[in-house]
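Trainee: Here it is, the structure, as structure tokens.
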Amino acid sequence: MTGAPVTIHVVVNGRERVLEIAPHALLLDVVRDLLDLKGAKRSCDTQVCGACTMLVDGLAVSACTYLAIEADGRSVLTVEGLADGDSLHPLQQAFVDIGAVQCGFCTSGMLLTARAMLTENQKPTRDDVLHYLRGSLCRCTGYRKIVEAILAAADGAR
Amino acid sequence: MSARPLRIVGQPAPRVDALEKVTGRARYVTDLTVPGMVHARVLRSPYAHARVRRVDLTRARARPGVVAALAGADLTWCDPYYGPAYRDRPVLAIDVARFEGEPVAAIAAVDEATAEEALELIDVDYEPLAAVLTLEEALAPGAPLVHVGQPAAGHFADLSTLKPQPGTNICHQFQFARGETASALSAADVVVEDAYRFPPVQHVALEPHAVVAAWDETGALTLWASTQNPYSVRVELAKMFDVPLARIRVVVPHLGGGFGSKTYAKLEPLAATLAHAAGRPVRLAASVPEAFQTVRRCAARVAVRVGFRRDGTLLAVECDADYDVGAYADIGPRVVQKGTYTATGPYRVPHVKLASRAVYTNTTPGGAFRGFGVPQLAWALESLFDVAADRLDRDPVDLRRQNFLAHGEEFAPGDTPIDGKLEESLGRAAEAIGWSQRAAADRGRGVAAMLKASVAPSVSEAIVRLHADGSVTVLASAVEMGQGTRTVLAQITAEVLSVPLARVSVVQPDTAVTPYDQTTSSSRSTAMTGRAVQVAAEDVRDQLLAIVAQAWSVDARELTLADGAVVSGGRRLAYSETLALRFGMSGGELIGRGVIAPGRTAAPLGGSTPFWEMAVGAAEVSVDEETGAVRVERYVSVADVGRAINPLLLEGQDEGGVVQGLGHTLLEEMLYADGHLLNGTLLVYRVPRADDTPSEIVCRFVENADGSGPFGAKGAGEGSLIPVSPAVANALARLTGVRLRDLPLSPERVWRALRARSPQT
Numbered sequence: 001m002t003g004a005p006v007t008i009h010v011v012v013n014g015r016e017r018v019l020e021i022a023p024h025a026l027l028l029d030v031v032r033d034l035l036d037l038k039g040a041k042r043s044c045d046t047q048v049c050g051a052c053t054m055l056v057d058g059l060a061v062s063a064c065t066y067l068a069i070e071a072d073g074r075s076v077l078t079v080e081g082l083a084d085g086d087s088l089h090p091l092q093q094a095f096v097d098i099g100a101v102q103c104g105f106c107t108s109g110m111l112l113t114a115r116a117m118l119t120e121n122q123k124p125t126r127d128d129v130l131h132y133l134r135g136s137l138c139r140c141t142g143y144r145k146i147v148e149a150i151l152a153a154a155d156g157a158r
Numbered sequence: 159m160s161a162r163p164l165r166i167v168g169q170p171a172p173r174v175d176a177l178e179k180v181t182g183r184a185r186y187v188t189d190l191t192v193p194g195m196v197h198a199r200v201l202r203s204p205y206a207h208a209r210v211r212r213v214d215l216t217r218a219r220a221r222p223g224v225v226a227a228l229a230g231a232d233l234t235w236c237d238p239y240y241g242p243a244y245r246d247r248p249v250l251a252i253d254v255a256r257f258e259g260e261p262v263a264a265i266a267a268v269d270e271a272t273a274e275e276a277l278e279l280i281d282v283d284y285e286p287l288a289a290v291l292t293l294e295e296a297l298a299p300g301a302p303l304v305h306v307g308q309p310a311a312g313h314f315a316d317l318s319t320l321k322p323q324p325g326t327n328i329c330h331q332f333q334f335a336r337g338e339t340a341s342a343l344s345a346a347d348v349v350v351e352d353a354y355r356f357p358p359v360q361h362v363a364l365e366p367h368a369v370v371a372a373w374d375e376t377g378a379l380t381l382w383a384s385t386q387n388p389y390s391v392r393v394e395l396a397k398m399f400d401v402p403l404a405r406i407r408v409v410v411p412h413l414g415g416g417f418g419s420k421t422y423a424k425l426e427p428l429a430a431t432l433a434h435a436a437g438r439p440v441r442l443a444a445s446v447p448e449a450f451q452t453v454r455r456c457a458a459r460v461a462v463r464v465g466f467r468r469d470g471t472l473l474a475v476e477c478d479a480d481y482d483v484g485a486y487a488d489i490g491p492r493v494v495q496k497g498t499y500t501a502t503g504p505y506r507v508p509h510v511k512l513a514s515r516a517v518y519t520n521t522t523p524g525g526a527f528r529g530f531g532v533p534q535l536a537w538a539l540e541s542l543f544d545v546a547a548d549r550l551d552r553d554p555v556d557l558r559r560q561n562f563l564a565h566g567e568e569f570a571p572g573d574t575p576i577d578g579k580l581e582e583s584l585g586r587a588a589e590a591i592g593w594s595q596r597a598a599a600d601r602g603r604g605v606a607a608m609l610k611a612s613v614a615p616s617v618s619e620a621i622v623r624l625h626a627d628g629s630v631t632v633l634a635s636a637v638e639m640g641q642g643t644r645t646v647l648a649q650i651t652a653e654v655l656s657v658p659l660a661r662v663s664v665v666q667p668d669t670a671v672t673p674y675d676q677t678t679s680s681s682r683s684t685a686m687t688g689r690a691v692q693v694a695a696e697d698v699r700d701q702l703l704a705i706v707a708q709a710w711s712v713d714a715r716e717l718t719l720a721d722g723a724v725v726s727g728g729r730r731l732a733y734s735e736t737l738a739l740r741f742g743m744s745g746g747e748l749i750g751r752g753v754i755a756p757g758r759t760a761a762p763l764g765g766s767t768p769f770w771e772m773a774v775g776a777a778e779v780s781v782d783e784e785t786g787a788v789r790v791e792r793y794v795s796v797a798d799v800g801r802a803i804n805p806l807l808l809e810g811q812d813e814g815g816v817v818q819g820l821g822h823t824l825l826e827e828m829l830y831a832d833g834h835l836l837n838g839t840l841l842v843y844r845v846p847r848a849d850d851t852p853s854e855i856v857c858r859f860v861e862n863a864d865g866s867g868p869f870g871a872k873g874a875g876e877g878s879l880i881p882v883s884p885a886v887a888n889a890l891a892r893l894t895g896v897r898l899r900d901l902p903l904s905p906e907r908v909w910r911a912l913r914a915r916s917p918q919t
């Protein structure tokens, strides 16, 4: 499975990147291996678990099944770009304070999924959050604290 | 020294690793890169049972980019067998493949894609054999045998009494009896009995198993592994490779969940073997489907008879349980033994007859999974308790309360007396669910209780180092897998040494650096590792006091620690000054040591449990009669933890336990047909999502500081999961009159049962 390398221009966490990639390369592998941003995790490989979630032009995508070439000319946000310098994003702070983090493997995906939701819906109800998290699995927390943290961050941002 | 009020223990402190986890900086095995590292992929058996007549690696080895290719026949330079109970498992199939997904050959190549492509160049000549997929098939007369001949015993002294039954698929039997159960049952006023089934389920830790293995130029082996037991992995590898323990180093970064799936050696033997063949570091990272082919919970069928006197007094329990341990024993025999030992639950039972069997089948090996054999039996006993309550016309809460073991009462001769107050847990759970008030017409409520022993005897050691600036390093080998052990160990240390939490660093487990700890499982880390850390910190404290006592010519008993200093009356000497006094310079450190090793006892399993894990669950459910879908609307868990070192983390852990319990209660089951696992991917194996959870989950704790752990703590984390299934089924029965005996309570099962109840609808 080979193909001539292609060049893509992509803005990752606000920084312009010119990357030479295989045409079939997945966004998850490119970000993790080429850019050494390891926050997004590989788990189900099938768009079910959400551990690999990144935002492409603000929309949540499963980077495990998203071709990197599709990101050409677009802007990608990973968990490493969520904080503003040393200042945590309100979602990150709420996850810390409320105890929404356990093993951490789902955390980056949860944060970015929540970030995408808050962009389109600044006043989510609990049911909105539950609906939005249908593509994000957590096996540690039982979800209650994650939902609470997202609602608290939304509340604080209002 | 008088007890002072606690400052840090008991506080809901945010986890010490929270920042690295929310910023994506926390490192897991698959995030690591070792110079020269190559990548492995595994060829797995497509058959549940097959003779492997020939594996031809010629074409695969010739493919550019392939660094090493191995099959079972190549493993002549080491002992290729491993396993904690029996050394029954080859690194790669030797002559026979015993389950679908068993590793048959493996490739290491310059990248994963090349390794994957090379798998297709391996030619294997299989001869399919008759397979046994279920307990019924495996136990039938004349059944095909999964293993022929007696395997060698593994490395656990307490499993030295393994009782395989040669010529059958039974690899271990366990019996426990006291009193005259047969006559007690025949004399009982009410006897309830039934058979229950618990399905095979998978842990679905979001991080599948992963390991990087590297041999160095001196022949020493280092692994970075997603394991809950670095020390068990080390001893397995030392035996396989005949290498001293001191030359094997197992380093454990963050784990992306464990739940038991990462106890004992899993992929480590294969990665180490491949790295040896490759002459380079090898990374072996499983996919989620491969995790389904690595380990699962032991399925079980359980027949129970329970006898009561008319006044509700529990007289006798007879229990026969068969556990399906899959193709290799792993820790299955101990799961069976430990689970069966507490089959009578948290009740006073004078007459007991328990018998269980661990049975090989041609399926994914069954091993440890949160609850360790207890959920399977609690499902049966706690369901029958409600059946009995109906027959006796008694309230299920009252009937349980009447029969609970009391604080200080003997569970079994020689074992630790009961160290908690079950009636308090039950009372609080009943109150929180609103038991005394009538439920809405479309809601039903149910309760269930559990009792579980922790692994015994078990050993934990710890080292605490106080540095010249007053900061502290904790060396311990409890694995951080999400449960929060690093935070808890830091809190214990900060409390004893009176320093801020931020001044304490807990080192990740590394068998070359952090001292021995038996296992991160069995809810034992807070109680056992935590106690070792407490003792080590107290050792440092005593050294500080001795230094200052001598300098000030006072009795050490007049001194205490406060805010990073040794104090007495108005006098104060900071730790940095104390160390400067001790060493005559700004350097040196105080080293404290803690060892917790309770040793063997006369208890039935050879060691006395360090604590009893006890919890009560209460559920409120509704059901859609049209579809059979059960919804748990509210759930309450109350666990008797002695003391919550960190209530925030404990609450999170128990909430997670409840939802994981809802998984096998309502959704999860590994389904096999024609020898194949049908649903070994997350597309079709449904674990609970956020929108599957109850709108209200309440986790509470009974804290009487009556545990043997630090500050009176006991273990926790498994207890919340165990009562879930029977509590939900009991609630469903009270709502609908339908009593189900097989998990999960899937819509189809519930719908059929509802139809059978009222055929006119």
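In order, the protein sequences belong to chains Z and Y.
Residue numbers are given in this note's numbering: position 71 of the first sequence equals residue 71, and the series is strictly consecutive.
One gets this note's numbering by counting positions in the second sequence from 1 and adding 158 to each.
From the three backbone atoms N, C-alpha and C, an ideal C-beta is built for every residue, glycine too.
Just so we're clear, the structure is a prediction, and the values are computed from it rather than from any experiment.
(1) Nearest-angstrom Cα distance between Y/G230 and Z/D33?
(2) Using Cβ-Cβ distances below 9 Å, what residues of the stretch 810-828 of chain Y are close to chain Z?
(3) Using a Cβ cut-off of 8 Å (strictly closer), state whether Y/Y186 contacts chain Z.
(4) Closest Cβ-Cβ distance between Z/G43 and chain Y: below 8 Å?
(5) Judging by CA-CA distance, which residue of Y/L428, Y/D782, Y/T421, Y/A797 is the nearest neighbour of Y/E791?
(6) DSSP puts Y/S663 in a beta bridge; with which residues?
(7) Once you ignore the five residues that flank Y/F450 on each side, which residues in its own chain have a CB closer than 8 Å to its CB?
(8) Looking at the unbroken alpha helix (DSSP H) that takes in Y/P238, where does it start and where does it end?
(9) By a C-beta neighbour count over all protein chains shown, 10 Å radius and 16 as the cutoff for buried, is Y/W235 buried or exposed?
(10) On the DSSP letters alone, give me the boundaries of the alpha helix (DSSP H) that Y/W710 sits inside.
(11) Let me confirm a value: Z/L37 is counted as buried when at least 16 other C-beta atoms fall within 10 Å, else exposed. Which label applies?
(12) Closest to Z/Y66 by CA distance: which of Z/G58, Z/G99, Z/V30 is it?
(13) In the DSSP output, which residue or residues are listed as bridge partners for Z/T53?
(14) Throw me the rounded Cβ distance for the Y/G223 and Y/T181 pair, which I believe falls under 8 Å.
(15) Given that Z/E80 touches chain Y, what residues does it touch there, using C-beta distances under 9 Å?
(16) With a cut-off of 8 Å, do at least 3 Cβ pairs link the stretch 646-659 of chain Y to the stretch 785-800 of chain Y?
(17) Are three or more beta carbon pairs between the stretch 842-861 of chain Y and the stretch 130-139 of chain Z nearer than 8 Å?
(18) If we call anything under 8 Å between Cβ atoms a contact, is Y/C329 one with Y/A479?
(19) Using the C-alpha atoms, what's the distance from Y/A709 back to Y/R586?
(20) Is the Cβ-Cβ distance between Y/G775 and Y/V691 less than 8 Å?
(21) Determine, using beta carbons only, whether Y/A461 and Y/F356 come nearer to each other than 8 Å.
(22) On the premise that Y/E813 lies in contact with Z/R144, defined as a C-beta separation below 8 Å, what is that separation, rounded to the nearest angstrom?
(23) Measuring alpha carbon to alpha carbon, tell me which residue in Y/V262, Y/S780, Y/G757 is nearest Y/R211.
(24) Enumerated in chain order, which unbroken segments of the beta strand (DSSP E) with a length of 3 residues or greater are wholly contained in the stretch 313-357 of chain Y?
(25) Kindly indicate which three-state DSSP category Y/V713 falls into: helix, strand or coil?
(26) Check for me: the beta strand (DSSP E) holding Y/F859 runs from which residue to which?
(27) Taking 7 Å as the line, does the beta carbon of Y/T452 fall inside it for any heavy atom of the ligand PLP?
(28) Between Y/H822 and Y/A536, what straight-line distance do the alpha-carbon atoms span, to the nearest angstrom?
(29) If contact is defined by three or more beta carbon pairs under 8 Å, each pair taking one atom from either stretch, is the stretch 57-76 of chain Z in contact with the stretch 98-108 of chain Z?
(30) Use the C-beta contact count for Z/G142: other C-beta atoms within 10 angstroms, 16 or more gives buried, fewer gives exposed.
(31) Would you say Z/G99 faces chain Y, with C-beta separation under 8 Å as the test?
(32) Using the three-state DSSP reduction, which class does Y/R441 fall into: helix, strand or coil?
(33) Can you give me the C-alpha to C-alpha distance between Y/P193 and Y/P439, rounded to a whole angstrom?
(34) Give the secondary structure of Y/W537 by DSSP, where H, G and I count as helix, E and B as strand, and everything else as coil.
(35) Please state if the CB of Y/L550 and the CB of Y/Y505 are separated by a distance shorter than 8 Å.
(36) Among Z/Q92, Z/A152, Z/D72, which has the Cα closest to the Cα of Z/V79?
Mentor: Let's see:
(1) In the second sequence, counting from the first residue as 1, residue 230 of chain Y sits at position 72. In the first sequence, counting from the first residue as 1, residue 33 of chain Z sits at position 33. Answer to the nearest angstrom: the Cα atoms are 32 Å apart.
(2) G810, Q811, D812, E813, G814, G815, V816, V817, Q818, L820, G821
(3) Indexing the second sequence from 1 puts residue 186 of chain Y at position 28. So, interface residue.
(4) One-based indexing of the first sequence puts residue 43 of chain Z at position 43. Reading off the sequence, residue 43 of chain Z comes out as Ser, not Gly. Residue contact check for Z/S43 against chain Y: a CB pair falls below 8 Å.
(5) Residue mapping note: residue 791 of chain Y aligns to position 633 of the second sequence, counting from 1. For Y/E791, the nearest C-alpha among the options comes from Y/D782.
(6) Reading the second sequence from its first residue, position 505 is the one you call residue 663 of chain Y. Bridge partners of Y/S663: Y/T631.
(7) In the second sequence, residue 450 of chain Y corresponds to position 292, counting from 1. So the list reads G259, Q360, T522, M828, L835, G838, T839, Y843, once near-sequence residues are dropped.
(8) For the purposes of this step, residue 238 of chain Y is identified with residue 80 of the second sequence, where counting begins at 1. Unbroken run through Y/P238: none, as it is neither H nor E.
(9) Here residue 235 of chain Y corresponds to residue number 77 of the second sequence, with the count starting at 1. Counting Cβ neighbours within 10 Å, Y/W235 comes out exposed, since fewer than 16 surround it.
(10) Position 552 of the second sequence holds residue 710 of chain Y. Segment 688-710, the alpha helix (DSSP H) holding Y/W710.
(11) Residue mapping note: residue 37 of chain Z aligns to position 37 of the first sequence, counting from 1. Counting Cβ neighbours within 10 Å, Z/L37 comes out buried, since at least 16 surround it.
(12) Looking up residue 66 of chain Z in the first sequence gives position 66. Nearest option by C-alpha distance: Z/V30.
(13) Here the question's residue 53 of chain Z lines up with position 53 in the first sequence. Z/T53 is bridged to Z/S62.
(14) Position 65 of the second sequence, counted from the start, is the residue given in the question as residue 223 of chain Y. Position 23 of the second sequence, counted from the start, is the residue given in the question as residue 181 of chain Y. Going by Cβ atoms, the distance from Y/G223 to Y/T181 rounds to 35 Å, so no, they are not a contact pair.
(15) Translated into positions along the first sequence, residue 80 of chain Z becomes position 80. Those within 9 Å of Z/E80 in chain Y are T181, G182, R183.
(16) With a cut-off of 8 Å, the stretch 785-800 of chain Y and the stretch 646-659 of chain Y do not count as touching, because too few Cβ pairs lie within range.
(17) yes
(18) Start at 1 with the first residue of the second sequence, and residue 329 of chain Y comes out as number 171. Start at 1 with the first residue of the second sequence, and residue 479 of chain Y comes out as number 321. Taking 8 Å as the Cβ cut-off, Y/C329 and Y/A479 do not qualify as a contacting pair.
(19) The residue labelled residue 586 of chain Y in the question sits at position 428 within the second sequence. The residue labelled residue 709 of chain Y in the question sits at position 551 within the second sequence. If I take the Cα positions, the gap works out to 53 Å.
(20) The sequence position of residue 775 of chain Y within the second sequence is 617, counting from 1. The sequence position of residue 691 of chain Y within the second sequence is 533, counting from 1. No, Cβ-Cβ distance for Y/G775 and Y/V691 is not below 8 Å.
(21) Within the second sequence, numbered from 1, the residue matching residue 461 of chain Y stands at position 303. Within the second sequence, numbered from 1, the residue matching residue 356 of chain Y stands at position 198. Cβ atoms of Y/A461 and Y/F356: not closer than 8 Å.
(22) Translated into the one-based positions of the first sequence, residue 144 of chain Z becomes position 144. Translated into the one-based positions of the second sequence, residue 813 of chain Y becomes position 655. Contact holds; Cβ gap of about 5 Å.
(23) Taking the second sequence and counting its residues from 1, the one referred to as residue 211 of chain Y is at position 53. For the residues Y/V262, Y/S780, Y/G757, the minimum Cα distance to Y/R211 belongs to Y/V262.
(24) For the beta strand (DSSP E) assignment, the uninterrupted runs of no fewer than 3 residues enclosed by the stretch 313-357 of chain Y are, from N- to C-terminal side, 328-336, 348-356.
(25) The residue labelled residue 713 of chain Y in the question sits at position 555 within the second sequence. As written in the sequence, residue 713 of chain Y is Asp, which differs from the Val given in the question. Residue state, collapsed to three classes: coil.
(26) Reading the second sequence from its first residue, position 701 is the one you call residue 859 of chain Y. Counting along the chain, the beta strand (DSSP E) containing Y/F859 begins and ends at 854-860.
(27) In terms of ligand content, the structure shown is empty, and the ligand PLP therefore cannot be addressed.
(28) On the second sequence, position 664 is the one that residue 822 of chain Y refers to. On the second sequence, position 378 is the one that residue 536 of chain Y refers to. Cα-Cα distance, rounded: 13 Å.
(29) no
(30) For the purposes of this step, residue 142 of chain Z is taken as residue 142 along the first sequence, with counting starting at 1. The residue in question, Z/G142, is buried, as its Cβ has 16 or more Cβ neighbours within 10 Å.
(31) Position 99 of the first sequence holds residue 99 of chain Z. Yes, because at least one Cβ of chain Y sits closer than 8 Å to the Cβ of Z/G99.
(32) As a position in the second sequence, residue 441 of chain Y is number 283, starting the count at 1. Looking at Y/R441 - three-state DSSP - the assignment turns out to be strand.
(33) One-based indexing of the second sequence puts residue 193 of chain Y at position 35. One-based indexing of the second sequence puts residue 439 of chain Y at position 281. When rounded, the distance between both Cα atoms is 8 Å.
(34) Here residue 537 of chain Y refers to the residue found at position 379 of the second sequence. Three-state DSSP puts Y/W537 in a helix.
(35) On the second sequence, residue 505 of chain Y is found 347 positions in, with the first residue counted as 1. On the second sequence, residue 550 of chain Y is found 392 positions in, with the first residue counted as 1. A distance of 8 Å or more separates the beta carbons of Y/Y505 and Y/L550.
(36) Counting from one through the first sequence, the residue named residue 79 of chain Z turns up at place 79. Ranking the options by Cα distance to Z/V79, first place goes to Z/Q92.
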